[in-house]
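Participant: Have a look at this one.
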Amino acid sequence: MGVLSGWRLCPRCGGELDNTESRAECSGCGSVYYARSAPTASALVVDDAGRVLLARRAFEPDAGLWDLVGGFLEEGESPLDGLRREVLEETSLHVEPGAFLGAFLDTYGDGAEAASVLNLVWEARIVSGEPRPADDVSELGWFARDELPEPQELAFSWVAPFLAGLASSRHVR
Ligand SMILES: [Zn+2]
């Protein structure tokens, strides 16, 4: 499934769409829609002891599982502004982004609701504040690198291999 799957009518004018599922063009108004992955900004918040901050998801998809702090970028929003905004919304923490840790493709949701997501991940350090769960987070936890949650307790499919790779990484201290 993709974001244009099942689209038959133009959301602007109601005209018929010529839909290849990677691209849909309206015969009425000429609007063209493209299927793209949705970018997120995620923070690997690290403390001075090297522990990482994880957020337990309050809502589906993957409610109850541990995730990195972060979320979808808004239209036109710079990724680092989005990262700071999402961390503040979910944890009450002001952070400063550090090293870019990578881009990870994944799927958000199931079935007809499934969307392709491109997760952009930065290390981040706390500038001020005390962690308090809010927004779509039910709980926050600090985890030492060798005491991370089991893979089945982690949200989505990219988080477990990402954290596993981190355990041996020298880039994040
Ligand atoms: Zn149209």
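Heads up, the sequence shown stops at 191 in our numbering, and the numbers go up one at a time, no gaps. Don't be surprised by glycine CBs; every beta carbon is placed ideally from N, CA and C.
#1: Could you name the residues of the same chain whose beta carbon sits closer than 6 Å to that of residue 77, not counting the 5 residues immediately before and after it, in chain order?
#2: How many Å lie between residue 90 and residue 103 at the Cα?
#3: If you follow the beta strand (DSSP E) that residue 278 is in, where does it begin and where does it stop?
#4: Evaluate the contact criterion for the region 111-130 versus the region 33-51: three or more CB pairs, one atom per stretch, below 8 Å.
#5: Using beta-carbon positions only, say whether residue 109 and residue 143 come within less than 8 Å of one another.
#6: Where residue 54 and residue 47 are concerned, what is the direct C-alpha to C-alpha distance, given to the nearest angstrom?
#7: Can you list, in chain order, the residues of its chain with a C-beta nearer than 6 Å to that of residue 4? Leave out the 5 residues immediately preceding and following it.
#8: Apart from the five residues on each side of it in sequence, which residues of its chain come closer than 7 Å, Cβ to Cβ, to residue 171?
#9: What did DSSP end up calling residue 21 once you bin it into helix, strand or coil?
#10: With which residues is residue 1 paired in a DSSP beta bridge?
#11: Contact check, residue 137 vs residue 128 under 8 Å by CB: the rounded distance?
Facilitator: On the basis of the data shown:
#1: 154
#2: 10 Å
#3: Outside the shown range of the chain, which is 19 to 191, sits residue 278, and nothing can be said about it.
#4: no
#5: no
#6: 21 Å
#7: In the structure as shown, the chain starts at 19 and stops at 191, and residue 4 therefore has no counterpart that could be examined.
#8: 83 and 84
#9: coil
#10: Outside the shown range of the chain, which is 19 to 191, sits residue 1, and nothing can be said about it.
#11: Between residue 128 and residue 137 the Cβ distance is about 18 Å, and since that is not below 8 Å, they are no contact.
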